[in-house]
Structures are given as C-alpha cells and as structure tokens.
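Peer 1: Below you'll find the structure I mean.
Numbering (our numbering), first residue to last: 28 to 356.
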C-alpha cells in the first residue's frame with residue numbers, strides 16, 4: 028500500500044534559509060499597501076482561511092494587497108519576518124521561543140490552532156488512547172522529536188524508558204506494516220492518509236493530555252508592532268474573516284485550495300478530510316466567546332510551562348494580544 032503524504036517539518040529548530048513567493052491576492056480592487064505573509068509549509072487546506080481571505084477580497088477590503096509565501100523544508104518562516112520582507116509569518120510557540128532565545132525580536136500576535144496538532148496515531152486493533160498505553164509499545168518518530176515525547180511523559184508520570192523509540196521517516200507505512208505500534212505525527216496528515224486508504228486508525232492528541240504548545244501562530248517583529256500597526260490590524264482582520272468562513276464551510280475551503288493550486292498534487296477527498304479534522308483544533312469555546320486567534324493569560328501560562336519542559340524557557344511577554352483586541356473590539 029502506497030501513501031501519498033506531505034513531508035512535515037517535525038523537528039525542533041532548523042536552519043534558516045531564504046523563502047520563495049507566490050502572489051495570490053485578488054486584482055479586483057486597488058489595495059493601499061502591498062505586504063508579504065509567510066506560510067509555514069507547502070500549500071494545502073492547512074491555510075484554507077488565508078486562501079478564502081485572498082479569494083474573497085477580504086484583505087483588499089482592509090486596504091492590503093497580500094502575497095502568500097509558501098513555506099517548506101527550504102523556506103523557513105523566521106528569516107523573511109526578521110528581515111522585514113514578510114510582515115507576518117505562521118510559526119509555532121516552540122519555534123518562536125527558540126528564535127527569541129537566540130535574539131530574534133518576535134511577538135506572537137495570534138493563535139490559529141487552539142490545540143496543538145501533535146498526536147499519537149495507532150491502529151484501531153491495538154490502540155493508544157492514553158499516555159500510559161505507550162508503556163511497552165514501539166513508537167515510530169523522528170529522533171529530533173524526543174523532547175516532545177519526554178515532555179508528554181513527564182506531564183503524565185509515564186516512564187519514557189519503558190517506550191521503545193524507533194527512528195522512522197514521516198510515513199504511515201511502518202505502522203501499517205507492523206514495524207511499530209504507533210506513530211508521533213500531526214492529527215491532520217498521516218491519520219488522514221491512512222483513513223483515505225481505508226486503514227482503521229485512532230489518534231490521541233497530546234493537547235488532550237497536558238501538552239500545551241500553541242501551533243499555527245502568527246508572529247511579527249517588535250518593530251512592526253511599533254511602526255506597521257495599521258497593516259498588522261488590516262492583515263489580521265482579513266485573515267480572521269477568512270477563517271470564520273472556513274469554519275462555516277470547510278469542504279468549500281478544501282475545494283478552493285485544490286482549485287487555486289492545481290499543480291500542488293492535492294486531491295479533493297484528502298483536503299476535505301484534513302479540513303474537517305482541523306476544525307476542532309482551530310475553534311473552541313474560547314474562540315466562540317472571544318474570536319478567532321484568541322489566547323488568554325492562562326493558555327500562555329500553560330505554554331510557558333510546557334516550553335520549559337522542552338528546554339525552551341520563555342517569558343509570557345512573548346505573546347502580545349493587542350492586535351487581536353483591536354480587531355475584535
């Protein structure tokens with residue numbers, strides 16, 4: 028059985044290189060300002076709300092002409108944001124904390140994924156439903172993600188030495204072929220690939236067991252917060268409108284993604300299932316009450332605690348809610 032899955036930047040840290048660009052802004056209206064928005068990975072429905080914002084002219088309505096820059100293994104988020112060539116980037120709290128600890132002037136100004144997408148995937152016939160179930164199991168994963176597994180075990184009083192770690196590529200084949208009992212992966216990719224191929228699997232979200240690391244976060248520099256504030260408000264205004272539409276119709280976001288990127292090797296059923304799986308990660312009681320992208324002092328405190336376990340200590344002032352407060356009123 029062959030699985031067609033995107034490779035995923037599943038490691039802590041990484042080299043910094045330059046990024047490519049793809050212009051995706053609508054031409055129906057003359058925008059006041061041209062800005063770049065750096066995505067964290069290759070085009071897929073993972074960024075469906077941004078594609079909706081572009082397609083529907085929400086950024087034009089807010090006075091911007093936005094270019095979406097695709098990410099990937101050779102296009103990390105941080106360099107263009109630090110250099111000022113991208114106004115905002117999509118990152119994650121662990122990446123941003125590591126960069127800040129090296130002197131980068133970043134702030135997290137919004138949180139798209141309310142739950143971290145890291146999950147333990149297993150076959151339904153031999154499920155891992157709780158961290159305690161990992162004891163005595165073989166887990167396939169990148170060795171660079173050992174801090175993630177160790178943090179999960181520390182939080183849940185599980186002896187990590189009782190788990191056999193098997194280095195694997197980012198592919199479901201070792202699980203399907205019985206080489207391992209489970210995989211550390213994202214909820215929205217390898218499990219989706221298996222389901223599309225008819226492999227009955229279950230997932231355990233690390234976020235449901237105390238692993239609190241904000242993912243798909245919006246980062247900007249302190250300089251941009253001070254000197255390009257109107258553009259940040261405009262970009263986040265359009266972005267939030269796009270994701271609100273996504274929540275209402277994830278299948279439509281999947282169809283738009285496939286239509287916009289016909290050469291990206293995307294198939295509609297996979298994008299539809301990924302879009303569906305993202306909804307509970309990105310929307311919560313908190314976003315229902317306060318608006319998309321919201322975070323609180325309590326969620327920040329939980330992140331600080333988990334990041335310390337990951338060996339990336341950071342101060343709560345890494346997070347800045349002022350742009351969201353202005354957008355959501």
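Backbone N, C-alpha and C define an ideal beta-carbon position, used for all residues, glycine too. Bear in mind the structure is a predicted one, so any value in this text is a computation, not a measurement.
If residue 78 sits next to residue 211, beta carbons under 8 angstroms apart, how far is it from one beta carbon to the other, in whole angstroms?
Peer 2: 28 angstroms between Cβ atoms; not a contact.
Peer 1: Quick one: measure Cβ to Cβ for residue 86 and residue 262, integer angstroms, because I've assumed they're closer than 8 angstroms.
Peer 2: That belief holds up - the Cβ atoms of residue 86 and residue 262 are roughly 7 angstroms apart, short of 8 angstroms.
Peer 1: Once you ignore the five residues that flank residue 252 on each side, which residues in its own chain have a CB closer than 8 angstroms to its CB?
Peer 2: Taken in chain order, the residues that qualify are 134, 136, 259, 347, 349 and 350.
Peer 1: Throw me the rounded Cβ distance for the residue 265 and residue 80 pair, which I believe falls under 8 angstroms.
Peer 2: At roughly 4 angstroms, the Cβ-Cβ gap stays under 8 angstroms, so residue 265 and residue 80 are in contact.
Peer 1: Applying the criterion that 16 or more other CB atoms from any shown protein chain within 10 Å of the CB defines a buried residue, is residue 216 buried or exposed?
Peer 2: Residue 216 is buried by the Cβ-count criterion.
Peer 1: Under 7 angstroms from any heavy atom of the ligand HEM, does the C-beta of residue 252 make it?
Peer 2: The ligand content of the structure shown is nil, which means the ligand HEM is not present either.
Peer 1: Would you report the Cα separation of residue 362 and residue 138, rounded to the nearest angstrom?
Peer 2: No information on residue 362 is available, as it lies outside the stretch 28 to 356 that the chain covers here.
Peer 1: Below 8 angstroms, can you find three or more Cβ-Cβ pairs linking the stretch 222-241 to the stretch 324-333?
Peer 2: The stretch 222-241 vs the stretch 324-333: in contact.
Peer 1: CB-CB under 6 angstroms to residue 167, same chain, minus the five flanking residues each way: which ones, in chain order?
Peer 2: Closer than 6 angstroms at Cβ, skipping near neighbours: 193, 195, 201, 207 and 210.
Peer 1: Within a Cβ cutoff of 7 angstroms, which residues of the same chain sit near residue 354, ignoring the five residues on either side of it in sequence?
Peer 2: For residue 354, where only same-chain residues beyond five positions count, the Cβ hits under 7 angstroms are 260, 263, 264 and 267.
Peer 1: In three-state DSSP terms, what is residue 106?
Peer 2: Residue state, collapsed to three classes: helix.
Peer 1: Could you round the C-beta distance between residue 336 and residue 178 to whole angstroms and report it? I think they count as a contact, below 8 angstroms.
Peer 2: With a Cβ gap of about 4 angstroms, residue 336 and residue 178 count as contacting.
Peer 1: Which whole runs of the alpha helix (DSSP H) in the stretch 152-229 are 4 residues long or more, in chain order?
Peer 2: DSSP runs (the alpha helix (DSSP H)) wholly in the stretch 152-229: 173-182, 200-203 and 217-223.
Peer 1: Buried or exposed: which applies to residue 297, given that a residue is buried once 16 or more other Cβ atoms fall within 10 Å of its Cβ?
Peer 2: Residue 297 is buried by the Cβ-count criterion.
Peer 1: Is it the case that the Cβ atoms of residue 230 and residue 146 are separated by a distance below 8 angstroms?
Peer 2: Cβ distance < 8 angstroms, so residue 230 and residue 146 count as in contact.
Peer 1: Per DSSP, which residues does residue 242 bridge with? Please list them.
Peer 2: Answer is 119 and 140, bridged to residue 242.
Peer 1: Could you check the C-alpha separation between residue 303 and residue 278 for me, to the nearest Å?
Peer 2: Computed Cα separation, rounded: 7 angstroms.
Peer 1: Going by beta-carbon coordinates alone, are residue 250 and residue 132 separated by less than 8 angstroms?
Peer 2: Against a cut-off of 8 angstroms, the Cβ pair of residue 132 and residue 250 comes out as a contact.
Peer 1: Classify residue 60 as helix, strand or coil using the three-state DSSP reduction.
Peer 2: In this structure, residue 60 counts as strand in the three-state DSSP scheme.
Peer 1: Would you mind sorting residue 205 into buried or exposed? The rule is 16 or more other CB atoms within 10 Å of its CB.
Peer 2: Looking at its Cβ environment, which holds fewer than 16 other Cβ atoms inside 10 Å, residue 205 is exposed.
Peer 1: Measuring only the C-alpha atoms, how far is residue 320 from residue 143?
Peer 2: Roughly 13 angstroms separates the two Cα atoms.
Peer 1: Measure the alpha-carbon distance for residue 163 versus residue 188 and round it to whole angstroms.
Peer 2: Each residue's Cα considered, the two are about 9 angstroms apart.
Peer 1: Write down every uninterrupted run of the alpha helix (DSSP H) in the stretch 273-335 whose length is 4 residues or greater and which is fully enclosed by it, in chain order.
Peer 2: Complete alpha helix (DSSP H) runs here, min 4: 277-287, 295-309 and 312-317.
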